[in-house]
Amino acid sequence: MDQEIDRLKDQPETGFITSQQEKENKKKKQGDRFSSTVKALKKDWQLYSLLILPIAYLIIFQYLPMIGNVIAFRKFVPGGSMFGEEFVGLHYVRMFINDPTFWRVFKNTLMLGGLTLLFNFPLPIIFAILLNEVKINKFKKFVQTASYLPHFISTVIVAGMIMEILASNGIVNQLIEMITGEKIIFMQSADWFRTIYVGSEVWQRTGWGAILYLAALTNIDPNLYEAAAIDGAGRLRQTWHVTIPGILPTVVTLLILNIGSFMNVGFEKILLLYNPLNYATSDVVSTYLYRIGLISNNFSYSTAIGLFQAIIGFVLVMSANMISKKVTDRSLW
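Counting from -9, one number per residue, gives the positions in the sequence shown under my numbering.
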């Protein structure tokens, strides 16, 4: 019996692997991984050297500015220390929790972000699928080009076009006046701001957003469509059972990224379009931060609000990634 036990201990693969052996195996694997990484770097150092500038950019402009978040917990005085003059703890956090204006702009941010995601995310998918069904190449290219163009128009110009078209003497009000005899003051009405903002986002982003889905559609094996057609599936069932599963990884990836930018509604466009008469629906966290930080010079308070917004965005991305991994078995990491 003792001889049998000794024989089994001499065969670690059968289950008698000691903790010491596990540590040694782990160290050996780490050593192999490190040596293979060094070999890859030496072999393709020219390619890896191209990463130096992007990494430097990220460090200088994305990570180093994070140090400034410390003034959310310190009292910052313009002209004084860049890290604040005195530690005030959660004073600014309590300040924005008790600030009714902040909760109004927070609600507006959620509403505009939610409506933008609701309309701006599925429409490029539908547009790409419909465009993929067009067989006349010239018409297809014309529609693609026409749908891409709004993306390249400056936000300032788009805001100017919206204000001109929807002005009291604009073309829209002229048509409404011909039909109803009355005018609608679009830009001074809080009730119309969300419709105007989301509509302009759809006009600008749908064609551009469809590019990635059109690229994903080209990777679907045509034999799958032929097999589905042989089985008697029409175009609608082929779309449901072949096209949508084919672009699902792209859809999931872009959905998580869109949820991550959920709180960052278009600051520039809103700043150009809003006014005190439509603040009730147009004022968002970004514009509130602009007024508090740059106009009122209350940098510590605006940093605390910005940090709060960033934490919510981080939680949303992590949650969306985790839910996607559990439901669809696909995720960003």
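Note that the Cβ used here is the ideal one computed from N, Cα and C, for glycine as well. The structure displayed is predicted, hence computed values, not measured ones.
Who are the near neighbours of Gly210 in its chain, counting only those whose CB is closer than 7 Å to its CB and skipping five residues on each side? Per the sequence shown, the amino acid found at residue 210 is Ile instead of Gly. Taken in chain order, the residues that qualify are Val232, Thr233, Gly236.
Can you tell me whether Leu244 sits near the ligand SAH, meaning its C-beta is under 6 Å from at least one heavy atom of the ligand? For the structure depicted, the ligand SAH is absent and the ligand set is empty, with no information on it obtainable.
Confirm, please, whether the CB-CB distance from Asn110 to Ala241 is below 7 Å. Strictly speaking, residue 241 in this sequence is Val, with Ala absent from that position. No, these two residues do not count as a Cβ contact at 7 Å.
In angstroms with no decimal places, state the Cα-to-Cα distance between Trp93 and Leu279. When rounded, the separation of the alpha-carbon atoms in Trp93 and Leu279 is 13 Å.
Three-state secondary structure assigned by DSSP to Lys16: Here Lys16 sits in helix by DSSP.
Can you say whether Lys33 is buried or exposed, counting buried as having 16 or more other CB atoms within 10 angstroms of its CB? Around the C-beta of Lys33, fewer than 16 other C-beta atoms lie within 10 Å, and the residue is accordingly described as exposed.
Quick one, are the C-beta atoms of Val188 and Leu105 less than 7 Å apart? It is a contact, given that the beta carbons lie within the stated cut-off.
Separation of Asp273 from Val95, as counted between CA atoms: So the alpha carbons of these two residues sit roughly 5 Å apart.
Would DSSP call Arg64 helix, strand or coil? Here Arg64 sits in strand by DSSP.
Compute the distance between the beta-carbons of Leu245 and Asn59, then report whether it is under 7 Å. No, they are not a contact pair.
Phe117 versus Ala200: straight-line alpha-carbon distance, rounded: Distance from the CA of Phe117 to the CA of Ala200, rounded to the nearest whole angstrom, comes to 7 Å.
Please classify Gly5 as buried or exposed, where buried requires at least 16 neighbouring CB atoms within 10 angstroms. Its pLDDT being 49, under 50, Gly5 is placed unreliably in this model, and the coordinates cannot settle the point.
So what's Ile249 in DSSP terms, helix, strand or just coil? Helix at Ile249.
What are the boundary residues of the alpha helix (DSSP H) that Gln52 is part of? In the DSSP annotation of this structure, Gln52 is not part of any alpha helix (DSSP H), being labelled neither H nor E.
Opposing strand residues paired with Phe117 [DSSP bridges]: For Phe117, which the question treats as bridged, DSSP gives no partner whatsoever.
Would you call the stretch 249 to 263 in contact with the stretch 300 to 309, where contact means no fewer than 3 C-beta pairs closer than 8 Å? Result yes; three or more Cβ-Cβ pairs closer than 8 Å.
Determine the direct distance from the alpha carbon of Leu121 to that of Thr331, and round the result to whole angstroms. A query on residue 331 cannot be resolved here, the shown segment of the chain reaching from -9 to 323 and no further.
Three-state secondary structure (DSSP) of Leu31: Leu31 falls in the helix class under three-state DSSP.
Where do the ends of the alpha helix (DSSP H) carrying Glu191 lie? Run containing Glu191: 180 to 208, per the alpha helix (DSSP H) assignment.
Use the C-beta contact count for Ser71: other C-beta atoms within 10 angstroms, 16 or more gives buried, fewer gives exposed. Looking at its Cβ environment, which holds fewer than 16 other Cβ atoms inside 10 Å, Ser71 is exposed.
Can you have a look at Ile49 and say buried or exposed, based on whether 16 or more other CB atoms are within 10 angstroms of its CB? Within 10 angstroms of the beta-carbon of Ile49 lie fewer than 16 other beta-carbons, which makes it exposed.
Integer Cβ distance of Phe66 from Phe77, believed to fall under 8 Å: That pair is no contact at about 11 Å.
What residues are listed by DSSP as bridge partners for Phe77? DSSP lists Arg64 as the beta-bridge partner residues of Phe77.
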